[in-house]
Structures are given as structure tokens and as C-alpha cells.
Amino acid sequence: MILTKQHRCLHSASCVCTKGHLTEEVIFLVFNHLNWNPKLIVALSCTCKWFDDLAKRVLWKEFCKTRAPKMMLDLHSNGSHIVDGNWSALGKLLIYCSGNNKNGLFNNIHIPGHFVYRTRFSRTSGKSFLLPHCRTDVLYVSDPCEHLDQGEEGDVGFFRGIFKSFATSKVRKMLISRSAPMHPTEVCPYCKAKLWNMLAAKMIPSSASCRLGAYEDCIEYYVCLNGHVLGICTLLPLSDTDEASEE
Ligand SMILES: [Zn+2]
Ligand SMILES: [Zn+2]
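In the numbering used here, each residue's number is its place in the sequence shown (first place is 1) plus 5.
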């Protein structure tokens, strides 16, 4: 008997789909109608291995192209490509602020991860996160996701991003030539790859904190082997004049 994808599903311990009535085409049409609802994709991926495969190949790709069409065109132009399977990582990057676990990537801050309704990613903003020598690299960085009044930490901002063609980027070359350390235990929340420490490599320019509206010595970020960026900063309070001008 030829094992179809639906049949293979029967052998997965975690799978609850025992009949495989739905074809890829039907799922595609249904999810198109649902505007590639990411929470539903995640929920179904957890229950069915067959669906998870389809989501990684097709659904996350359509999701990304629908939510950030210009950014996706740019990330994939000039022969650049995103390795198969990384569409789901990219999709999650667009809509999920990963927060931080106690004893996680960033000190002892505990802020749970959460979905975000919509985040703006900017290539211009990304330039501020690169040393002058590396500014020909293309990096998209989000606006900070603000978590206010986090005890001693004050106002915390998380930001995330992605490099275009990270494999051939100047940043990657420099990280390797400087023997930048990787985090010993934590991995990228989007693709599970190891993470380089940009602060330890002394590769965070002061323009980055300016861009975020953060204290200059209170910013750090990591880049994973696939070019996802994860960062944290302490945001400056609004000054009196800022508040006055808003009234
Ligand atoms: Zn957040
Ligand atoms: Zn990653």
C-alpha cells in the first residue's frame, strides 16, 4: 500500500485525525477564507502531524505574504531565499512577542510571551542596529513591544527582527571573526537555533538605543544562526516636555 500523507498521520502518536478526509486544496481554501488565522494554524498544528507539515510548507508562507507583502518580496528578492520550513518561524516572528522566562535570555525578567495584533517592521529602522561597517546588510526590526512598570526594570521594550540573506551577511562574518559567544542554553524561540550575543561581541551601536527611545547602556540583543533577532531594552520615560506637548 502506498503511504499517503493522510495515512502517515495515523502513525503519529499526537495525531487525532484518523480519517484524512480533507485534501490540501480544501484546507488551503478554508484558510484563505479565514485570512490565514495564525492561532488556528498553531492550534491545529499541535494536534495533527499531517496538518503541521502542510502549515510549514504552505499556510505560513501565505500568511507571511498576506500580512507583510513588501517585506516578504524584499526578503526573497535577488536570489535570497528562506530555507523551507522557516516560513512558520517567520510567521511567528511577525505576530509573537516571545517575552522572557526567569533565568532565560535576559537576566531575571519574567514576562510571558504573547500574540501581538500588528507590528511594524522597518528596514530603515534596522540600519540603526548595525555597525557602520555592516550597514549594507538588510535587517528588518520591529518597534519595541512595551511592557510598562516591570518593577526594578522599569519600562521594558522587546524588539525582534530578521536579516535578509543572513548566511552571506557582514554581521555573520564579523560575529565569526570576533569569535562571538553563543548563549550556552537558550535557543531562538522562533526556529530553535543557537543564538549569538551581540552585546558580548560589542556589535550594538548607540544608534540602536536612540532608535528605540531606550537608555544607552540598557539594550542587548541576540541573533540566531538563521538570522532572527531578539532584543530587550529599558525604555526612557516620557519627559515632561513630551507629556506637555501631548496635552
Ligand atoms: Zn511584548
Ligand atoms: Zn531563529
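Positions of the beta carbon are idealized from the N, C-alpha and C atoms, including for glycine.
Note that this is a predicted model, so its numbers are computed, not measured.
Determine the closest residue to residue i out of the options, with distance taken between C-alpha atoms.
i    : options                   : result
F126 : L241, N202 and G96        : G96
S174 : Y195, G109, P149 and C139 : C139
D154 : L240, H81, M203 and I32   : L240
A60  : F33, C150, T141 and G218  : F33
R128 : V31, A73, D58 and E191    : A73
E238 : S82, S147 and V47         : Residue identity differs from the one stated: residue 238 is Cys in this sequence, not Glu. Ranking S82, S147 and V47 by Cα distance to C238 puts S147 first.
F56  : G131, F36, M179 and M77   : F36
S214 : C102, V161 and S50        : V161
H115 : L144, G159, T124 and M76  : G159
K197 : L27, S82, T28 and L98     : L98
V121 : E151, A94, L144 and H81   : E151
V228 : P242, P149 and I181       : I181
G118 : G131, T124 and G104       : G104
P149 : T28, R123, E29 and M179   : R123
S50  : D79, S93 and R183         : S93
S130 : Y195, R216 and K178       : R216
T141 : M187, R183, Y101 and R177 : R177
Y101 : V47, E30, L200 and K199   : V47
A185 : Y145, L200 and F171       : L200
H81  : L243, Y145, N106 and V31  : Y145
Check whether the Cβ of residue i sits closer than 7 Å to any heavy atom of ligand 2, and report yes or no.
i    : result
C229 : yes
C193 : yes
A185 : no
C102 : no
A198 : yes
A94  : yes
Starting from residue i, trace the alpha helix (DSSP H) in both directions and tell me its first and last residue.
i   : result
T71 : W65 to R72
At a threshold of 7 Å, does residue i count as lining ligand 1 (C-beta to nearest heavy atom)?
i    : result
C69  : no
G218 : no
H233 : no
C238 : no
H152 : yes
F163 : yes
H115 : no
H119 : yes
Based on the DSSP output, what are the partners of residue i in its beta bridges?
i    : result
G232 : In the DSSP output, where bridge partners are listed per residue, G232 has none listed.
K199 : V192
H119 : C102
E225 : I237
L217 : Bridge partners of L217: none, in fact.
V35  : BP columns for V35 are empty, so no partner.
V146 : S127 and G166
Could you spell out where the beta strand (DSSP E) holding residue i opens and where it closes?
i    : result
G166 : V161 to F168
E191 : M187 to V192
L204 : Here L204 belongs to no beta strand (DSSP E), and DSSP marks it neither H nor E.
V176 : Careful: V176 lies outside any beta strand (DSSP E), inside the alpha helix (DSSP H) at K175 to S182.
E151 : C150 to H152
V47  : Here V47 belongs to no beta strand (DSSP E); instead the alpha helix (DSSP H) covers P43 to T52.
Check your understanding: Is the stretch 216-233 touching the stretch 158-170, taking contact as three or more C-beta pairs under 8 Å?
Key -> These segments touch.
Exercise for review: Tell me, please, whether the stretch 210-230 touches the stretch 131-151 by the rule of three or more beta-carbon pairs shorter than 8 Å.
Suggested key: yes
Review point. Touch check for the stretch 33-49 and the stretch 65-85: three-plus C-beta pairs under 8 Å?
Key: yes
Practice item. Please confirm if the stretch 217-227 is in contact with the stretch 190-206, defined as three or more CB-CB distances below 8 Å between the two stretches. Key: Yes, the stretch 217-227 is in contact with the stretch 190-206.
Review point. Below 8 Å, can you find three or more Cβ-Cβ pairs linking the stretch 108-120 to the stretch 186-195?
Key: yes
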